[in-house]
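Engineer: Using this note's numbering, you'd call the opening residue of the sequence shown number 1308 and step up by one each time.
One structure, pasted below without further comment.
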Amino acid sequence: MNLVLFGPPGSGKGTQAKILQERRGMPQLSTGDMLRAAIAAGTELGKKCKAIIDSGELVPDEIVVGIIAERYDRPDCANGAVFDGFPRTIPQAEALDAMLKGRGRKVDLVIELKVDDAVLIGRVEQRIKESGGIARADDTPETLKNRLAVYYKNTAPLIAYYKKQGKLVTVDGMAPIEEVTKAIASVLDRVGRKGCLEVG
Ligand code: AMP
């Protein structure tokens, strides 16, 4: 199963991807985590991306497509993966389709976590408070505003892209974490039983 977890910053993608990894053994492929690891390790890639990430903009498509392809080819993804924070643009989605096709696979399902802007802003403010203001350089109210604008401009068009492919399911991302987990589990179980998403 190749699952794309989709939603704006602060929608809970990372939290739910981690739960899927722990409970179902589906590897979490988070481009944000990979890029932060590259920055922490001081690699060339990290140096190239740091200012972009800190400003809330998107790093170039070819960079994230490259790191995803490399990561996906590790043996733990033999049965698929959870894509968390990728794709974020139409060209990335097209590259993902092509990459999977080249390996005889496809995106099986896209779950959109729907969360109102006011709730997203509240969550990031909470994350900043809890971290004492040191956790993520891109977790500031100003950067969040930009990340949301970038989301609506570049990433939200993927909703129509995946809807057209009949792969999109929307889940209420404002429910408590365990409720969201249950809703995702029920979609996954349904798809697992039927082998695909029921249309209509
Ligand atoms: P995240 O942890 O998913 O919120 O990602 C943090 C930051 O990393 C984003 O604001 C972008 O600057 C960068 N990033 C992560 N994933 C991508 C992606 N798929 N495409 C472009 N930039 C990304």
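Ideal Cβ positions, reconstructed from N, Cα and C, are used throughout, including at glycine.
None of the values given here were measured: they were computed from a predicted structure.
Check whether the stretch 1385 to 1401 and the stretch 1327 to 1342 touch, using three or more Cβ-Cβ pairs below 8 Å as the test.
Structural biologist: At 8 Å Cβ cutoff, the stretches touch.
Engineer: Between Val1498, Leu1342, Asp1479 and Pro1316, which has its C-alpha nearest leucine 1427's C-alpha?
Structural biologist: Position 120 of the sequence shown, counting from 1, holds the residue named residue 1427. Leucine 1427 has its Cα closest to that of Pro1316, out of Val1498, Leu1342, Asp1479 and Pro1316.
Engineer: I'd like the list of long-range same chain contacts for asparagine 1461, defined as Cβ closer than 7 Å, with 5 residues on each side in sequence excluded.
Structural biologist: Position 154 of the sequence shown, counting from 1, holds the residue named residue 1461. Cβ within range, chain order: Leu1365, Arg1395 and Thr1396.
Engineer: Looking at the ligand AMP, does it come within less than 7 Å of isoleucine 1359, judged from the CB to the closest heavy atom?
Structural biologist: Indexing the sequence shown from 1 puts residue 1359 at position 52. Yes, the ligand AMP has a heavy atom inside 7 Å of this Cβ.
Engineer: Below 8 Å on the Cβ atoms is my contact criterion, and I expect valine 1457 with lysine 1421 to pass it. Report the Cβ-Cβ distance as a whole number of Å.
Structural biologist: The residue you call residue 1457 lines up with position 150 of the sequence shown. The residue you call residue 1421 lines up with position 114 of the sequence shown. Valine 1457 to lysine 1421, Cβ: 18 Å. No contact.
Engineer: What are the residues that DSSP puts in a beta bridge with phenylalanine 1313?
Structural biologist: Within the sequence shown, residue 1313 is the residue found at index 6, counting from 1. Paired residue(s): Glu1419.
Engineer: Would you mind sorting serine 1493 into buried or exposed? The rule is 16 or more other CB atoms within 10 Å of its CB.
Structural biologist: For the purposes of this step, residue 1493 is taken as the residue at position 186 of the sequence shown. With fewer than 16 Cβ atoms within 10 Å of its Cβ, serine 1493 is classed as exposed.
Engineer: Could you tell me the distance, in whole angstroms, from the CA atom of arginine 1410 to the CA atom of alanine 1376?
Structural biologist: Taking the first residue of the sequence shown as 1, we reach residue 1410 at position 103. Taking the first residue of the sequence shown as 1, we reach residue 1376 at position 69. Distance between the alpha carbons of arginine 1410 and alanine 1376 is about 11 Å.
Engineer: Among the candidates Asp1445, Ile1418 and Glu1419, whose CA atom is the shortest distance from the CA of valine 1431?
Structural biologist: Indexing the sequence shown from 1 puts residue 1431 at position 124. Checking every option, the nearest Cα to that of valine 1431 belongs to Asp1445.
Engineer: Taking the alpha helix (DSSP H) that threonine 1477 belongs to, which residues open and close that run?
Structural biologist: Taking the sequence shown and counting its residues from 1, one reaches residue 1477 at position 170. Here threonine 1477 belongs to no alpha helix (DSSP H); instead the beta strand (DSSP E) covers 1475 to 1479.
Engineer: Any idea if threonine 1450 is buried or exposed, counting beta-carbon neighbours within 10 angstroms, 16 or more meaning buried?
Structural biologist: Locating residue 1450 in the sequence shown gives position 143, where the first residue counts as 1. It is buried - the Cβ of threonine 1450 has at least 16 other Cβ atoms within 10 Å.
Engineer: Given a cut-off of 8 Å, decide if aspartate 1404 and leucine 1455 are closer than it, judged by their beta-carbon atoms.
Structural biologist: Here the question's residue 1455 lines up with position 148 in the sequence shown. Here the question's residue 1404 lines up with position 97 in the sequence shown. No.
Engineer: Work out the CA separation of alanine 1490 and aspartate 1340 for me, nearest whole Å.
Structural biologist: Residue 1340 sits at position 33 when you count from the first residue of the sequence shown. Residue 1490 sits at position 183 when you count from the first residue of the sequence shown. Those two C-alpha atoms are separated by around 25 Å.
Engineer: Go through its chain and collect everything with a Cβ distance to valine 1498's Cβ below 8 Å, but skip five positions before and after it.
Structural biologist: Looking up residue 1498 in the sequence shown gives position 191. Closer than 8 Å at the Cβ level, and outside the excluded window around valine 1498, lie Met1308, Asp1415, Leu1416 and Leu1504.
Engineer: Just the C-alpha distance for glycine 1507 and alanine 1347, rounded to the nearest angstrom, thanks.
Structural biologist: On the sequence shown, residue 1507 is found 200 positions in, with the first residue counted as 1. On the sequence shown, residue 1347 is found 40 positions in, with the first residue counted as 1. In this prediction, glycine 1507 scores a pLDDT of 42, lower than 50, which makes its location untrustworthy; the coordinate-derived value is nonetheless stated afterwards. Distance between the alpha carbons of glycine 1507 and alanine 1347 is about 46 Å.
Engineer: Return yes when at least one heavy atom of the ligand AMP lies under 7 Å from the C-beta of glutamine 1399, else no.
Structural biologist: Here residue 1399 is taken as the residue at index 92 of the sequence shown, counted from 1. Yes.
Engineer: Select from Ala1400, Arg1330 and Val1487 the residue whose C-alpha is nearest the C-alpha of lysine 1471.
Structural biologist: Numbered from its first residue, the sequence shown carries residue 1471 at position 164. Ranking the options by Cα distance to lysine 1471, first place goes to Ala1400.
Engineer: Note down, one range per segment and in chain order, each beta strand (DSSP E) of at least 3 residues found wholly within the stretch 1371 to 1407.
Structural biologist: With a minimum length of 3 residues, the continuous beta strand (DSSP E) runs that stay inside the stretch 1371 to 1407 are 1388 to 1391.
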